[in-house]
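The structure under discussion appears below in the form of structure tokens.
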Amino acid sequence: MNFRARLLAGSTLTGSLPAQKLWYAGGIGTLRGHDYKSFTGDQFFVMNAELYRRARKNLWAFTFLDAGSAWFGRDNLGRQRPALDAGLGLRIADGPAAITVAKNLRDSDSKPLVGVRLGGVF
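Count the sequence shown with numbering that gives the first Met the number 0 and you get residues 0 to 121, in order.
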């Protein structure tokens, strides 16, 4: 059994960020139950947790929970309703190749999203 977790956060304290420096959340590596770059802003946070269990000699099954958001305005944290995603996955050996199925837990009508990861998330 193996457990991994991470917390990422970013902010601008003064001024506004140019478009190439904005923060994004959504998709593989951040919020796996949301489309790529679903959230944009000059403030952001993302939390990920994964629990792995060996299913076979070279195959690991895992569950995960993702939460986070991105928004504009330093004073707007209290108005955020962070995304919350959960899912299942399979990873080949100790390498980074994995397939995941994730669901947006805040939207009961959302469809599960399938992702293929060829590099480690964290």
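Glycine residues also receive a C-beta, built at the ideal position from the N, C-alpha and C atoms.
Inset, instruction - Determine, using beta carbons only, whether GLY28 and PHE44 come nearer to each other than 7 Å. - result: For GLY28 and PHE44, no; Cβs fall outside 7 Å.
Legend entry - Extent of the continuous beta strand (DSSP E) to which GLY67 belongs: Its beta strand (DSSP E) spans residues 58-70.
Inset, instruction - Ignore the nearest five residues each way along the sequence and tell me which others in MET0's own chain have a CB closer than 6 Å to its CB. - result: The beta carbon of MET0 sits closer than 6 Å to the beta carbons of ARG52 from its chain, once the five residues preceding and following it are set aside; these are given in chain order.
Legend entry - Limits of the unbroken beta strand (DSSP E) element including ALA96: In this chain, ALA96 is not harboured by any beta strand (DSSP E), its DSSP state being neither H nor E.
Inset, instruction - Buried or exposed for ARG5, please, with buried defined as at least 16 other CB atoms from any protein chain shown within 10 angstroms of its CB. - result: It counts as exposed.
Legend entry - Three CB pairs or more closer than 8 Å across the region 80-100 and the region 55-62: Contact between the region 80-100 and the region 55-62 is present, because at least three Cβ pairs lie under 8 Å.
Legend entry - Nearest residue (CA-CA) to VAL3, options LEU50, GLY26 and SER37: Note on identity: in this sequence residue 3 is Arg, with Val being the wrong assignment. It is LEU50 whose Cα lies nearest to the Cα of ARG3.
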